[in-house]
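Remarks on the structure that follows.
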Amino acid sequence: MDMQPIPAREGNHNMKDYKEVYEQFQWDSVKSQFSWSETGKVNIAYEAIDRHADNPDKKDQTALIYSAPNREEKLTFEDLKFKSNQFANVLKKYNVNKGDRVFLFMHRSPEFYAAFLGILKTGAIAGPLFEAFMEQAVRDRLEDSEASMLVTTPELLDRVPVDELPNLKQIVIVGDVPENGDYIDYYKEMDQASKDFDIEWVDLEDGMLLHYTSGSTGKPKGVYHVHNAMLQHYQTGKWVLDLKEDDTYWCTADPGWVTGTSYGIFAPWLNGVTNVIRGGRFSPDDWYGTLDKYNVTVWYSAPTAFRKLVSAGEEVASKHDLSSLRHVLSVGEPLNPEVITWGTKALNLRIHDTWWMTETGGMMICNYPAMDIRPGSMGKPFPGTEAAIVDNDGNELPPNRMGNLALKKGWPSMMRAVWKNPGKYESYFLGDWYVSGDSAYMDEDGYFWFQGRLDDVINTSGERVGPFEVESKLIEHEAVAEAGVIGKPDPERGEIIKAFITLNDGYEESDELLEDIRQFVKKGLSAHAAPREIEIKDTIPKTRSGKIMRRLLKSWELGLPTGDTSTLEE
Ligand code: WT7
């Protein structure tokens with residue numbers, strides 16, 4: 097669909113002119129706004145929270161509005177400073193030190209945010225895990241990171257294989273502490289802990305965060321981020337989210353994923369705005385209700401959410417007052433031009449697409465408030481970064497040619513390592529280019545257009561799922577001999593997970609069996625990784641070297657030409 101550009105709106109935007117800023121901007125100018133530019137020592141939690149809490153005009157501003165079906169709570173910047181100090185003191189009491197990995201496995205709550213910030217204040221590395229993970233997913237991540245401490249809830253505890261994790265020394269329980277075991281009681285310890293804490297000042301290049309993410313092969317990898325990322329979180333918050341200090345901002349992502357930390361924690365608080373935190377998965381009524389109730393001004397969400405709002409129809413929207421909303425953004429999957437058209441009518445606003453990845457740590461290619469939007473395009477590179485389309489040798493391609501979307505390495509929030517896997521880290525780079533794994537082209541005016549993934553990674557409702565992980569789980573089921581997993585296009589979810597399997601002798605196809613296999617993956621990995629469709633085959637196509645030919649499965653599924661099958665096993 098070819099659509100007319102949507103012009104920028106009048107407004108007092110933080111970035112007035114993209115081209116001019118892109119030509120002039122230097123990251124050093126951001127550094128000089130922070131006190132650490134003189135000392136070189138920094139802590140991102142201090143910059144996000146304490147800096148505001150120590151400012152008499154700012155300390156009583158609501159930093160966090162927590163809203164859940166049965167709980168609502170507001171915390172000021174000062175409250176958050178004290179609570180995170182208390183948690184940092186608890187960590188020190190139990191010998192957590194700089195560089196240790198402390199993981200969080202729990203739902204969004206004020207306790208989560210206090211703990212997360214407290215971890216950073218000790219100089220330890222935080223590892224947030226999505227609450228829907230099941231045992232295998234939890235084990236893989238705690239094992240690989242060698243986390244020494246975990247913060248979790250009683251409800252999630254039985255998904256933590258405590259006895260099989262030798263590095264895991266302590267578990268903090270937020271809630272009723274089980275009697276049979278040696279646990280740390282979150283509430284009890286917090287009550288006793290001092291509100292004063294000597295922050296661990298670290299170097300810009302010291303670690304702060306591990307986010308596990310899926311590739312097409314192997315177990316999930318630990319993407320390692322450092323305190324320096326704050327420059328990008330802060331500045332993208334200004335120019336892309338267009339945050340101003342009196343904004344009420346809502347990012348719908350869970351902090352188990354990078355959007356929920358970079359833009360659910362750091363960008364809003366570094367910019368000193370009021371941050372709405374809403375737990376769980378929502379219905380259109382909840383989305384509109386939250387925007388309405390808290391007078392949200394800036395909203396960062398995902399195509400899958402917008403598509404649900406589109407199908408919910410205008411009647412649901414008309415029940416709510418959305419007049420406070422000023423700026424809307426999207427991330428995670430391609431943003432359909434139809435959805436942008438819907439936004440201009442239903443919300444009377446443009447929806448601004450942004451493109452980035454767990455590995456980039458922050459937004460890279462974006463639509464800016466003061467720039468024309470070309471519906472279907474992800475926008476243009478953030479000032480201070482350089483993007484290009486390159487071929488497989490790292491040569492830049494001219495406009496309108498499809499190739500690998502690549503970024504010139506060295507932006508502030510770029511991952512600094514893949515945890516304990518230097519080979520994997522190196523494999524992202526071609527010369528000076530970080531190669532994303534996405535295919536795209538750039539038009540003559542410098543707008544980038546997403547075309548698809550170059551690997552087999554599946555993007556379902558904006559969540560990245562590695563086919564290998566799902567295949568590995570499937571073949572653990574007693575009935576399954578072999579498995580091949582692909583993403584199948586779906587109008588609402590972007591892609592759904594489809595599994596092709598062969599059965600072991602003695603098993604017959606039945607609806608019960610297929611449901612049992614689905615549940616098995618759901619219980620072992622997580623709901624979003626469970627195949628929505630399972631098809632039984634006589635064989636799974638493989639290469640001579642034994643690699644599953646997912647591309648061929650996909651061509652079959654979509655009724656496309658099968659292409660080169662010369663490597664196919666007899
Ligand atoms: C992959 C990264 C960090 C954002 C949340 C996802 C896809 C991301 C877009 C977009 C088309 C997009 C890409 C990318 N993706 N944003 N605006 N348009 N595709 O982070 O889980 O690391 O996934 O999500 O394929 O490589 P992630």
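Residues 97 to 666 in our numbering are what the sequence shown spells out, letter by letter. No residue lacks a Cβ here, since even glycine has one placed at the ideal position from N, Cα and C. Since we're looking at a predicted model, the values are computed, not measured.
Coil, strand or helix - residue i by DSSP
i	result
glutamine 49	Look at the range of the chain in this structure, 97 to 666, and you will see that residue 49 is not part of it.
alanine 349	coil
proline 637	coil
phenylalanine 121	coil
leucine 305	strand
isoleucine 140	helix
valine 258	helix
threonine 370	strand
aspartate 281	strand
tryptophan 297	coil
methionine 453	coil
glutamine 182	helix
alanine 484	strand
Contact test: residue i Cβ vs ligand 2 heavy atom, cutoff 7 Å
i	result
tryptophan 452	What this structure holds is ligand 1, not ligand 2.
Span of the beta strand (DSSP E), counted from its first residue to its last, around residue i
i	result
tryptophan 395	394 to 397
serine 426	423 to 426
leucine 160	158 to 164
isoleucine 632	629 to 632
alanine 466	That residue, alanine 466, is in no beta strand (DSSP E); it is neither H nor E in DSSP.
serine 532	529 to 538
glutamate 134	Counting along the chain, glutamate 134 falls outside any beta strand (DSSP E), though it belongs to the alpha helix (DSSP H) covering 132 to 135.
Residue of the options minimising C-alpha distance to residue i
i	options	result
valine 406	Lys441, Val392, Gly385	Lys441
glutamate 540	Lys476, Trp132, Trp383	Lys476
phenylalanine 173	Ile361, Gly620, Arg614	Ile361
glutamate 604	Pro585, Gly590, Val576, Ala398	Val576
phenylalanine 378	Trp507, Asn324, Thr393, Lys404	Lys404
serine 557	Ile632, Trp353, Trp395, Asp607	Trp353
serine 509	Gly303, Tyr396, Gly562	Gly303
aspartate 294	Leu187, Tyr359, Leu225	Leu187
glutamine 182	Ala210, Ser205, Asp146, Gly223	Ala210
alanine 104	Ala625, Phe546, Ile447	Ile447
glutamate 207	Asp259, Lys504, Glu231, Lys170	Lys170
glycine 580	Lys619, Asp388, Ile267, Ser651	Ser651
glutamine 100	Thr437, Lys520, Asp634	Thr437
Under 8 Å between C-beta atoms of residue i and residue j
i	j	result
glycine 461	methionine 474	Checking the sequence, you will find isoleucine at residue 461 rather than glycine. It is a contact, given that the beta carbons lie within the stated cut-off.
threonine 94	valine 256	Outside the displayed span of the chain (97 to 666) sits residue 94, for which this structure offers no information.
lysine 177	alanine 220	no
valine 319	leucine 339	no
phenylalanine 478	methionine 453	no
serine 535	glycine 548	yes
valine 117	leucine 327	no
arginine 646	isoleucine 582	yes
valine 553	isoleucine 593	no
glycine 562	serine 312	yes
asparagine 63	valine 298	The chain is shown from 97 up to 666; residue 63 falls before or after that span and cannot be answered.
phenylalanine 564	glycine 314	yes
threonine 450	serine 426	yes
glutamate 357	glutamate 296	Before going further, note that residue 357 is threonine rather than glutamate in the sequence given. Contact: no.
tryptophan 529	glycine 499	no
valine 424	tyrosine 384	no
alanine 228	phenylalanine 212	no
valine 670	tyrosine 279	Because the chain here runs from 97 to 666, residue 670 falls outside it and cannot be looked at.
Where the alpha helix (DSSP H) containing residue i begins and where it ends
i	result
leucine 327	326 to 335
leucine 38	For residue 38 there is no data in the structure shown, the boundaries of the chain being 97 and 666.
isoleucine 215	206 to 217
arginine 237	231 to 241
isoleucine 436	433 to 442
arginine 647	646 to 654
tyrosine 521	518 to 522
lysine 315	First-last for lysine 315: undefined, no H or E at that position.
phenylalanine 564	563 to 570
tryptophan 515	That residue, tryptophan 515, is in no alpha helix (DSSP H); it is neither H nor E in DSSP.
alanine 413	410 to 414
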